[in-house]
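Chemist: Going left to right, the sequence shown walks through residues 1 to 840 as UniProt numbering numbers them.
Glycine included, every Cβ here is placed at the ideal spot set by N, Cα and C.
Sharing a structure, written as structure tokens. Questions coming.
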Amino acid sequence: MHMAFGSARPPGGRLPADVTGFVGREAELSTANALLERSRLVTVLGPGGVGKTRLALRAAAQAAGNYAHGARCVELSDLRVPRLLPQTVADALGVAVQACRPPLDALTAYLSECELLLVLDTCEHLLDACAALTGPLLARSPGLTVLATSRQALDVPGEHVLPVSPLPLPAPGATGDGDALTLLVQRAAAVAPGFTLTDANRAQAAALCRRLDGLPLAIELAAVRLRALPLDRLLAQAGDTFALLGPGRSTSPARHRTLRAAVDWSHELCTPAERLLWARLSVFAGPFGLTAADAVATDAELPAPAFLTALVGLTEKSVVQRLDERRGCYRLPALLREYGAERLRERGREGGEACRGRFVAHYRAQLVAFRADFATSAQLARYRALAAERQNLDAALEYAAADGGLQGLTAVMWAYWLCAGLPVEATTWMARALRERQEPSQDRVMTLAWCSMFTGNQGDRAGASSLADEAVATADRLRDTRASAWAALAASAARFHDGGPSHGPALVRAAGTLMHRAGDRTGRRIAALHLSFAHLLAGQPAATLDTARTTLELLGENGAEQGDQDGQDVQDGQDDQDDQDGQDGQDDQSGQTGNSDLSDQNGQRGQSGHSGHSGQDSTECYIYGSQLSTCGLAHLMLGAPAEAADALRRAVLLKGCLEDVLGVASATELLAWLAADEGRARRAARLFGATAALWRRVGPHPMVGNAQLQALHDEYERQARTALGARRFAALAAEGASLTLDQAVRYAAEDGRPASGTGRRALTARAAPASAALTRREREVAELVAAGLSNRRIAERLVISKRTVDAHIEHILGKLGYSSRTQISALLREEGASEAGGEG
1 MHMAFGSARP PGGRLPADVT GFVGREAELS TANALLERSR LVTVLGPGGV GKTRLALRAA
61 AQAAGNYAHG ARCVELSDLR VPRLLPQTVA DALGVAVQAC RPPLDALTAY LSECELLLVL
121 DTCEHLLDAC AALTGPLLAR SPGLTVLATS RQALDVPGEH VLPVSPLPLP APGATGDGDA
181 LTLLVQRAAA VAPGFTLTDA NRAQAAALCR RLDGLPLAIE LAAVRLRALP LDRLLAQAGD
241 TFALLGPGRS TSPARHRTLR AAVDWSHELC TPAERLLWAR LSVFAGPFGL TAADAVATDA
301 ELPAPAFLTA LVGLTEKSVV QRLDERRGCY RLPALLREYG AERLRERGRE GGEACRGRFV
361 AHYRAQLVAF RADFATSAQL ARYRALAAER QNLDAALEYA AADGGLQGLT AVMWAYWLCA
421 GLPVEATTWM ARALRERQEP SQDRVMTLAW CSMFTGNQGD RAGASSLADE AVATADRLRD
481 TRASAWAALA ASAARFHDGG PSHGPALVRA AGTLMHRAGD RTGRRIAALH LSFAHLLAGQ
541 PAATLDTART TLELLGENGA EQGDQDGQDV QDGQDDQDDQ DGQDGQDDQS GQTGNSDLSD
601 QNGQRGQSGH SGHSGQDSTE CYIYGSQLST CGLAHLMLGA PAEAADALRR AVLLKGCLED
661 VLGVASATEL LAWLAADEGR ARRAARLFGA TAALWRRVGP HPMVGNAQLQ ALHDEYERQA
721 RTALGARRFA ALAAEGASLT LDQAVRYAAE DGRPASGTGR RALTARAAPA SAALTRRERE
781 VAELVAAGLS NRRIAERLVI SKRTVDAHIE HILGKLGYSS RTQISALLRE EGASEAGGEG
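And the structure:
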């Protein structure tokens with residue numbers, strides 16, 4: 001209890017009875033009660049229809065016993081004349097006001113004798129008047145506490161604000177209900193007898209709650225509609241929410257009888273600049289940053305200073321939500337976005353097109369910047385920033401399609417789709433873009449080329465070839481080297497799955513030469529990646545490792561080259577190796593001492609865990625991760641399971657950072673093969689189950705539709721199934737299939753290998769000699785070491801520097817696990833004797 005007050009008669013304005021059940025809000029109620037204990041002015045703040053009044057009344061009812069005169073409520077929504085506020089409050093409390101005395105004085109005199117919790121409900125349209133009233137009342141009435149509800153804070157000294165958000169929503173696929181779903185079910189059961197939540201309709205009910213953004217008013221209005229419409233029809237017609245959720249109960253306040261009335265009320269309280277900004281922000285389909293909002297919403301009609309003032313105003317009025325104080329991230333709730341879109345249409349076609357055009361231009365610029373940084377250490381940060389705006393990227397695609405500019409987006413969005421491992425989504429949008437315009441352009445060539453490569457990743461070889469051929473023909477008409485380079489890369493990718501040295505490697509190498517001529521550094525890195533994979537499919541694992549080293553060297557130290565820009569001149573001799581299959585690539589790198597093991601080119605990278613760990617944040621992930629997967633299979637083919645495991649675990653972690661579904665599926669698939677090869681059938685079964693689920697997300701054909709890889713998959717899966725039995729294998733595979741992407745990454749990246757073991761079966765007919773891990777130039781150096789030449793003599797013989805020879809020998813010793821030149825000589829003599837004896 002507060003201090004004793006007893007001389008005043010009990011005031012009027014008792015709290016209205018709660019006629020329906022109260023759902024959720026336990027945390028908010030607890031906070032409200034705590035605030036009322038230490039503050040005399042608490043404002044419950046939130047958008048219209050969020051449940052501010054219900055929360056305030058419930059909190060007041062719980063706290064009423066702490067006040068001698070209890071709690072009273074004054075409803076202000078019908079009051080439109082601010083100067084009448086003191087009289088209105090006095091009348092509600094039953095305070096007699098003499099004609100010769102100002103109402104505020106009479107009210108103050110009365111309340112100074114009371115210990116009372118006063119609820120002022122719906123203050124947003126009377127902000128100045130409410131501030132002018134509550135300040136003096138609180139100063140002169142020590143027993144008074146005010147609990148206000150408003151869409152905007154009163155800004156009175158001593159005010160504590162309690163923000164109220166929509167009810168928690170059930171996550172897609174979640175088994176729990178969530179408060180929003182509970183409210184829908186309770187209200188629907190009350191107004192539509194026989195309605196119950198079942199396993200059959202749970203997903204639809206949850207989807208309806210998400211569509212209504214968890215807003216209690218919208219959910220209650222939707223529940224009323226269930227008297228006339230089945231749930232599936234209601235959900236299907238929820239596109240025009242305001243028309244669907246028409247008049248509600250006649251006993252509700254006028255502002256809450258329809259959803260539109262509730263939002264109209266907020267709109268009327270906005271300034272003209274705030275209304276304009278509200279309309280323009282409706283083009284954002286998801287959360288947005290300050291920079292994006294500025295780029296899209298500002299123009300001569302709404303210049304930058306007015307934009308910032310309007311954004312602050314909309315945030316204070318609970319129209320725009322601020323999600324992240326540190327990063328300045330905002331959100332326009334779904335229903336308010338729909339309302340804003342209506343207002344944008346009212347401004348005419350030209351106004352809407354201009355706003356959408358700025359929106360598309362902004363996100364295209366973000367995609368261009370990501371493409372420029374694709375093969376650099378900025379890749380992951382750029383990708384994560386774009387992935388956080390997935391909804392806005394989808395909206396940009398829709399707007400671009402509506403305005404006939406879709407090719408301009410798809411031509412630069414390939415990097416995002418590639419990192420995300422979304423070939424199906426990519427080909428869907430690119431096919432739509434290609435139907436849009438037929439005239440030759442760089443955008444069309446890039447869209448054709450990448451549509452071809454994404455189509456090939458889904459196993460459609462004929463479709464990929466057809467698109468690549470059209471890309472080549474279109475590039476020829478343009479006479480543009482860069483366009484021709486990408487078209488050639490697509491054509492080589494469409495064919496290297498056929499296998500054979502005369503197919504993939506030569507074609508990819510030619511594409512790499514064109515990329516070099518075009519000065520496209522990102523393209524050259526991707527071409528180098530394709531070249532190593534082409535060697536692998538051609539049955540050349542040693543060449544794969546050799547080419548992979550060149551790719552990793554091109555990425556720069558630790559795979560984290562800084563500031564890469566398409567079109568920059570090549571700065572070192574390493575870059576010429578894109579176009580030299582199997583050349584050493586280190587002759588002009590005097591003193592360079594990279595780690596000789598391809599699976600450990602990046603030190604401890606990949607060890608820190610999955611996405612979100614700082615160890616990956618300064619790393620190029622896509623090309624490095626893809627190359628490590630390729631190296632993993634090459635090591636497995638060469639009978640080196642330990643090296644394969646290390647490369648593949650690193651690969652799956654890097655791909656997991658990007659949430660690259662295709663990349664995770666590929667690396668996890670190979671880890672399943674490795675587990676089966678080493679006799680760890682239970683792990684193999686779980687991994688096969690996980691990859692089966694991942695492949696289904698990528699497209700209709702697992703193993704990117706490659707017959708060679710599919711045959712190997714079938715063989716390794718058969719081994720694991722035979723070892724376990726069909727029933728046990730199926731159970732373990734089901735466990736793997738149930739893993740989320742993050743869980744699959746973590747499980748695949750677990751070490752779990754025996755302390756020793758070389759694997760029971762290599763992909764090749766027999767294990768390759770130890771020296772097979774050496775590049776051609778390293779093999780030359782090793783042979784000269786075995787012949788007894790000194791490092792200086794070797795340098796003279798090969799016409800390279802002595803420091804380069806020193807580096808080569810360090811690499812050779814590291815790869816072979818040796819510590820002396822004598823061991824190198826002994827190995828080559830032993831291998832030579834084996835060949836002479838006809839072993840194998």
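Looking at the structure shown, is Leu169 part of a helix, part of a strand, or coil, going by DSSP?
Modeler: coil
Chemist: What do you get for Thr122, buried or exposed, if any count of 16 or more other CB atoms within 10 angstroms of its CB means buried?
Modeler: Thr122 is buried by the Cβ-count criterion.
Chemist: Could you check whether Val508 and Ala471 sit closer than 8 angstroms to each other, using their CB atoms as the reference points?
Modeler: no
Chemist: Considering Cα atoms alone, identify which of Leu774, Glu796, Val799 is closest to residue 848.
Modeler: Summary: the structure shown does not reach residue 848, with the chain confined to residues 1 through 840, and so no result is reported for it.
Chemist: If you check the beta carbons only, do Leu277 and Leu302 fall under 8 angstroms apart?
Modeler: yes
Chemist: Going by CA-CA distance only, name the one from Val164, Ser532, Pro541, Ala485 that's closest to Gly519.
Modeler: Ranking the options by Cα distance to Gly519, first place goes to Ala485.
Chemist: Going by CA-CA distance only, name the one from Val119, Leu184, Glu750, Val312 that's closest to Ala71.
Modeler: Val119
Chemist: Under three-state DSSP, which class holds Ala676?
Modeler: helix
Chemist: DSSP puts Gly289 in a beta bridge; with which residues?
Modeler: Cys329
Chemist: Using CA atoms only, rank isn't needed, just tell me which of Tyr330, Phe359, Asp443, Leu259 is closest to Ala297.
Modeler: Closest by alpha carbon: Phe359.
Chemist: Where does Asp213 land, buried or exposed, given buried means 16+ other C-beta within 10 angstroms?
Modeler: buried
Chemist: Counting along the chain, where does the alpha helix (DSSP H) carrying Ser150 start and finish?
Modeler: Here Ser150 belongs to no alpha helix (DSSP H); instead the beta strand (DSSP E) covers 144-150.
Chemist: In the structure shown, what three-state DSSP assignment does residue 850 receive?
Modeler: Here the chain has residues from 1 to 840 only, and residue 850 is not among them.
Chemist: Would you call the stretch 485-495 in contact with the stretch 440-455, where contact means no fewer than 3 C-beta pairs closer than 8 angstroms?
Modeler: yes
Chemist: Does Asp232 come out as helix, strand or coil in the three-state DSSP assignment?
Modeler: helix
Chemist: When DSSP labels each residue in this structure, what does Glu75 get in the three-state scheme?
Modeler: strand
Chemist: Are the stretch 19-37 and the stretch 71-85 in contact at 8 angstroms, needing three or more beta carbon pairs?
Modeler: no
Chemist: Using beta-carbon positions only, say whether Gly158 and Glu115 come within less than 8 angstroms of one another.
Modeler: no
Chemist: Alpha carbon to alpha carbon, how far is Cys73 from Gly51?
Modeler: If you draw a straight line from the Cα of Cys73 to the Cα of Gly51, it comes to about 16 angstroms.
Chemist: By a C-beta neighbour count over all protein chains shown, 10 Å radius and 16 as the cutoff for buried, is Gly170 buried or exposed?
Modeler: The identity of residue 170 in the sequence shown is Pro, whereas the question assumes Gly. Classification of Pro170: buried, given that the 10 Å Cβ count is 16 or more.
Chemist: Report all residues from its chain with a CB closer than 8 angstroms to the CB of residue 842; omit the five preceding and five following residues, and keep chain order.
Modeler: No information on residue 842 is available, as it lies outside the stretch 1 to 840 that the chain covers here.
Chemist: Have a look at Leu674 and Ala642 and give me their C-alpha separation to the nearest angstrom.
Modeler: So the alpha carbons of these two residues sit roughly 9 angstroms apart.
Chemist: Can you tell me whether Gln577 is helix, strand or coil according to DSSP?
Modeler: With a pLDDT of 35 at Gln577, under the threshold of 50, the modelled position of this residue cannot be trusted; read the value that follows with caution. When secondary structure is reduced to three states using DSSP, Gln577 falls in the helix class.
Chemist: Relative to the C-alpha of Glu37, which residue among Ala60, Glu669, Ile526 is closest?
Modeler: Ala60
Chemist: Counting beta carbon pairs with one atom in the stretch 363-377 and one in the stretch 310-323, are three or more of them shorter than 8 angstroms?
Modeler: no
Chemist: With a threshold of 6 angstroms on Cβ separation, who are the neighbours of Ala723 within its own chain once the five nearest residues in sequence on each side are excluded?
Modeler: Ala681
Chemist: Would you decide whether Val23 is buried or exposed? Buried here means 16 or more other CB atoms lie within 10 Å of its CB.
Modeler: buried
Chemist: Are three or more beta carbon pairs between the stretch 177-187 and the stretch 335-354 nearer than 8 angstroms?
Modeler: no
Chemist: DSSP on Arg322, reduced to helix/strand/coil?
Modeler: strand
Chemist: Can you find the residues in the same chain that come closer than 8 angstroms, C-beta to C-beta, to Gln407, ignoring five residues on each side of it along the sequence?
Modeler: Ala433, Leu434, Glu436, Arg437, Ser441, Asp443, Arg444, Thr447
Chemist: Exposed or buried, which one is Val799 when buried takes at least 16 other CB atoms within 10 Å?
Modeler: exposed
Chemist: Using only the alpha-carbon positions, how far apart do Ala730 and Ala385 sit?
Modeler: 39 angstroms
Chemist: Given a cut-off of 8 angstroms on the beta-carbon distance, is the pair Ala667 and Ala737 in contact?
Modeler: no
Chemist: Going by DSSP, what residues sit across from Pro163 in a beta bridge?
Modeler: The secondary-structure analysis by DSSP pairs Pro163 across a beta bridge with Leu45.
Chemist: What is the rounded straight-line gap between the Cα of Val44 and the Cα of Ser377?
Modeler: 46 angstroms
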